[in-house]
Amino acid sequence: MFEERIKFLREKMEAKGLDAFLVVNIESSSKPTSYYLTGFTGSFSIVYITHDDVVFMTDGRYTEQAEKQTGEKPILFKKKLYDELENIIKLPKGSKIGFESNRISTNTYLNVFKKFEDFEFIPSENLILEMRRTKSSEEVKFIKEAAIIAEKALQETLDSFYIGMTEKEFAAKLEYNMKIYGADNYAFETIVASGPRGALPHGIASDKKINVGELIVIDFGAYANGYNSDITRTVATEGISDRQKEIYELVLKAQKAAVEAVKPGMKYSELDKVARDIIKNGGYGEYFSHGLGHGLGLEVHESPRVSYMSEEISQPGDIITIEPGIYLPGDLGVRIEDDVLVTEDGYEVLTSFDKSLIII
Ligand SMILES: [Mn+2]
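In our numbering, the protein residues as written are 7 to 366.
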């Protein structure tokens with residue numbers, strides 16, 4: 007159990023008038039929060055926190071693992087969810103129980119939560135998301151490690167590249183190398199999108215062979231110690247045109263300017279604008295078709311939002327991605343992405359892979 011986090015959660019519960027907080031993690035539905043509060047990484051758990059008690063349950067598959075990870079013997083889940091919860095929740099009528107409404111199914115809500123007529127279940131996922139947003143120095147270290155693993159793997163994969171390699175082979179090698187360098191898994195399905203496929207911002211690796219004269223968007227990350235990295239580099243094969251190079255340089259200029267603009271106390275919509283204005287002035291405004299980035303941590307996408315629509319203000323401890331791109335349908339794509347920590351007086355870039363245009 008992470009005592010400090012539980013203590014902090016209780017302060018937040020107090021402020022919101024909650025008597026308890028209930029995490030229901032079924033088939034990994036709330037694995038990040040379950041892990042954040044207890045250290046448990048299994049796919050099934052119930053965490054119930056009141057102002058003076060913590061109940062942790064899992065099933066027989068995880069007895070040993072749970073004890074190791076949380077430091078306490080778990081209560082074993084044996085009955086139906088409603089019956090187990092009825093046993094655990096001992097609160098007076100009218101008590102308020104916070105829960106993550108974005109993490110439970112409609113089925114659980116209707117057939118379990120709704121049946122407790124004595125209590126009020128209050129959607130409270132923001133309370134956890136706000137807590138998770140501010141990273142401790144240990145969390146920063148974990149994300150940095152996940153970035154280093156990913157970068158070593160990219161270098162090794164680029165070294166083994168040959169013209170005619172398929173995107174899938176490239177992705178498979180990259181994922182394999184990440185595991186060899188210590189990743190527990192890859193953070194998400196690796197994107198390797200070459201030539202015209204680069205214009206698909208989420209072009210999962212295909213059977214397409216990578217040819218000469220192409221830009222290749224590689225967006226990937228490592229998952230280690232419960233945390234994710236998320237990096238994009240666009241590299242080129244021999245024979246690319248001056249126009250392809252110019253578009254690359256424009257994205258790079260926008261990306262660097264946005265990274266250098268990071269500081270606490272700014273609207274994320276304004277950070278987005280720093281990169282967007284540069285791409286717009288370069289004549290490609292309409293081809294930067296997504297937000298600048300996103301929060302990163304236990305999940306690949308988490309709070310805060312970093313886009314033109316965001317109303318959030320940057321804070322020390324935020325870890326965000328900065329990933330502008332230009333996508334020309336049927337032609338090419340370029341995206342460059344770093345992971346950046348907001349510090350007390352500016353920023354620290356957690357990724358370090360070379361951003362000058364690499365010809366492989
Ligand atoms: Mn990203």
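Ideal Cβ placement from N, Cα and C applies to all residues, glycine included. All values derive from a computational prediction rather than experimental measurement.
Spatially closest choice to residue i from the options, by CA coordinates
i, options, result
"Glu329", "Gly227, Tyr254, Asp344", "Asp344"
"Ser49", "Lys262, Asp59, Val30", "Val30"
"Val306", "Asp213, Glu92, Ile81, Ala230", "Ala230"
"Lys37", "Phe122, Arg109, Val118, Phe119", "Arg109"
"Ile52", "Gln71, Pro80, Arg67, Asp58", "Pro80"
"Gly352", "Leu24, Glu266, Lys18, Glu151", "Glu266"
"Val198", "Phe176, Val348, Ala159", "Phe176"
"Leu356", "Tyr187, Glu252, Ile155, Ile95", "Ile155"
8 angstroms Cβ cutoff met for residue i and residue j
i, j, result
"Phe105", "Gln75", "no"
"Tyr41", "Gly232", "yes"
"Thr243", "Val223", "no"
"Thr44", "Phe83", "no"
"Gln250", "Leu164", "no"
"Pro310", "Tyr274", "yes"
"Val146", "Val268", "no"
"Ser212", "Lys174", "yes"
"Ile237", "Glu151", "no"
Residue i versus residue j: straight-line alpha-carbon distance, rounded
i, j, result
"Ser111", "Leu15", "23 angstroms"
"Thr64", "Lys141", "27 angstroms"
"Glu255", "Thr196", "24 angstroms"
"Asn217", "Gly170", "6 angstroms"
"Leu28", "Tyr88", "13 angstroms"
"Gly245", "Ile365", "9 angstroms"
"Gly219", "Thr39", "45 angstroms"
"Thr56", "Leu334", "53 angstroms"
"Ser358", "His208", "23 angstroms"
"Leu277", "Leu298", "8 angstroms"
"Ala193", "Pro98", "43 angstroms"
"Ser130", "Lys214", "45 angstroms"
"Leu160", "Asn183", "8 angstroms"
"Phe294", "Ile332", "5 angstroms"
"Ser35", "Val118", "16 angstroms"
"Gly188", "Glu126", "44 angstroms"
"Lys279", "Arg11", "35 angstroms"
"Gly23", "Asp59", "17 angstroms"
"Asp324", "Gly77", "29 angstroms"
"Lys1", "Glu162", "For the chain, the structure presents residues 7 to 366; residue 1 sits outside this window and is missing."
"Gly301", "Val257", "21 angstroms"
"Pro202", "Ile253", "14 angstroms"
Buried versus exposed, by CB contacts within 10 Å (16 or more), residue i
i, result
"Thr69", "exposed"
"Leu116", "exposed"
"Tyr168", "exposed"
"Gly100", "exposed"
"Gln261", "buried"
"Ala5", "Because the chain in this structure spans residues 7 to 366, residue 5 falls outside the shown range and cannot be described."
"Ser247", "exposed"
"Val67", "Per the sequence shown, the amino acid found at residue 67 is Arg instead of Val. Result: exposed."
"Ala228", "buried"
"Asp124", "exposed"
"Asn234", "buried"
"Lys86", "exposed"
"Ala21", "exposed"
"Ile326", "buried"
Element boundaries [alpha helix (DSSP H), containing residue i]
i, result
"Phe14", "9-22"
"Ser143", "143-165"
"Asn448", "As displayed, the chain neither begins before 7 nor continues past 366, which places residue 448 out of reach and without an answer."
"Glu255", "248-267"
"Thr76", "69-76"
"Asp89", "87-94"
"Ile283", "It should be pointed out that residue 283 corresponds to Asp in this sequence rather than to Ile. Taken as a continuous stretch (DSSP letters only), the alpha helix (DSSP H) holding Asp283 covers 274-287."
Boundaries (first-last residue) of the beta strand (DSSP E) holding residue i
i, result
"Tyr293", "Taken as a continuous stretch (DSSP letters only), Tyr293 belongs to no beta strand (DSSP E), as it is neither H nor E."
"Pro310", "308-312"
"Gln63", "Residue identity check: residue 63 is Met in the sequence provided, not Gln. First-last of the beta strand (DSSP E) with Met63: 60-64."
"Ile197", "197-200"
"Ala211", "First-last for Ala211: undefined, no H or E at that position."
"Phe176", "First-last for Phe176: 173-186, but that is the alpha helix (DSSP H), not the beta strand (DSSP E)."
"Ser49", "Segment: none, Ser49 is in no beta strand (DSSP E) and carries neither H nor E."
"Ile328", "325-328"
"Val30", "26-31"
"Tyr115", "Tyr115 -> not in any beta strand (DSSP E); alpha helix (DSSP H) instead, spanning 112-117."
"Gly245", "First-last for Gly245: undefined, no H or E at that position."
"Tyr333", "331-334"
"Ala228", "228-230"
Contact with chain D by residue i, beta-carbon distance below 8 angstroms
i, result
"Tyr88", "Absent from the structure: chain D. Only one protein chain is present."
Residue i beta carbon near ligand 3 (any heavy atom closer than 7 angstroms)
i, result
"His208", "What this structure holds is ligand 1, not ligand 3."
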